[in-house]
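Remarks on the structure that follows.
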Amino acid sequence: MDEGRLIRGMGGLFTARTEEGQEYVLRAKKKFRRERITPLVGDRVLFTPGRISDEHGWIEEILPRTNHFQRPPVANVSLLCVTVAPVPEADLLLVDKLLLFAGMQNMSAILVSAKSEMDDGRTARRLQSTYRNAGAEVYPVSSVSGEGLDGLKARLKGEYACFSGQSGVGKSTLLNALFSLQAKTGDISAKIARGKNTTRHTELFSIEACHVFDTPGFSLLDLDLGTDPKTLQEWYPEFRSVGEACRFEGCCHDTEPGCAVRARLEKGEIDPGRYERYRELLSQCREKWKNRYQ
Ligand SMILES: Nc1nc2c(ncn2[C@@H]2O[C@H](COP(=O)(O)OP(=O)(O)O)[C@@H](O)[C@H]2O)c(=O)[nH]1
Ligand SMILES: [Mg+2]
Ligand SMILES: [Zn+2]
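Counting from 221, one number per residue, gives the positions in the sequence shown under the working numbering.
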């Protein structure tokens with residue numbers, strides 16, 4: 221059996237690429253349907269190649285996933301590139317949710333501050349100060365001026381990355397600017413370039429050791445915060461204190477007396493906006509948790 225990664229799937233036919241770069245067209249064996257498992261773009265699979273006279277080979281096994289999603293249908297995402305821009309105005313509640321989601325789903329996350337030439341990097345600096353202690357690096361980039369493209373590309377090396385964020389922040393343009401300029405063959409740029417009206421499918425493209433999921437409308441807006449409210453704080457690195465602890469064990473840093481997080485907020489060590497949005501998400505999360513058996 222051979223091993224490869226699914227880079228494309230359409231109408232039950234999948235394309236797997238091996239490490240050597242060989243591509244094979246495959247179908248999933250019937251047992252997957254019985255087990256209600258759908259192979260996803262990004263899956264690592266074991267497969268039997270088709271013989272020369274066959275149309276396709278067979279996916280035999282799906283190797284363990286680090287994560288997987290339904291919308292978009294992808295697996296094994298290692299890095300979430302949360303993209304914001306001066307226009308449309310950054311929605312930091314969405315940014316916080318995406319960062320939370322990345323943590324919960326076993327992905328690293330970075331902040332991509334697109335269209336940086338529009339405001340001389342003001343948005344990027346605002347993000348840097350807001351998220352400095354939140355463990356998310358900020359990459360200011362401009363597809364127009366070319367600022368930051370090389371740095372971002374270097375960060376993407378070896379990752380299986382998804383770009384997410386509001387529509388219109390410049391994700392598609394950025395993918396083009398990052399990858400089609402250097403592409404030697406028209407083949408790859410044609411794949412990424414979007415005819416505005418073509419129906420498109422999820423695909424995983426690999427260029428210079430950067431692997432990027434190209435999905436129509438990837439935004440991860442249906443974030444599931446169905447988690448125990450007590451655990452929400454675990455995804456806020458800036459809340460973890462090396463100093464004094466909260467008075468109550470299991471403190472949610474909400475209105476409890478003797479809260480060390482609020483004390484640090486008052487000292488200006490925690491970003492007030494981040495904290496306010498945390499409380500908003502905490503209350504959403506509590507609501508969901510209360511109704512979890514309904
Ligand atoms: N000024 C400026 N405009 C950009 C930049 N990148 C994209 N845009 C524009 O922003 C709009 C949305 O871009 P698009 O890539 O379709 O955003 P997406 O919805 O996130 O994929 C388009 O009109 C682009 O021309 C940039 O770096 N600078
Ligand atoms: Mg787009
Ligand atoms: Zn507390």
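Glycine residues also receive a C-beta, built at the ideal position from the N, C-alpha and C atoms.
Nearest to Ala305 by C-alpha distance, out of Val389, Ile272, Glu255, is Val389.
In the DSSP assignment, Phe399 falls within the unbroken alpha helix (DSSP H) covering 391-399. The three-state secondary structure of Gly493, taken from DSSP, is helix.
DSSP places Ser503 in the helix class (H, G or I) of the three-state scheme. A distance criterion of 8 Å places the beta-carbon of Ser365 in contact range of ligand 1, judged by its closest non-hydrogen atom. If you check the C-beta of Ser392 against ligand 2, you find a heavy atom less than 8 Å away. Beta-bridge analysis with DSSP links Leu226 to Ala236.
Placement of the Cβ of Ser387 at a distance of less than 8 Å from at least one heavy atom of ligand 2 is found. In its chain, beyond the 5 residues on either side, Leu266 have a beta carbon closer than 6 Å to the beta carbon of Glu281. When C-beta atoms of the stretch 442-454 are compared with those of the stretch 317-325, three or more pairs fall below 8 Å, so the two segments count as touching. Scanning the stretch 311-366 from its first residue to its last, the whole beta strand (DSSP E) runs of 3-plus residues come out as 328-333, 358-360.
The beta carbon of Cys471 sits closer than 8 Å to at least one heavy atom of ligand 3.
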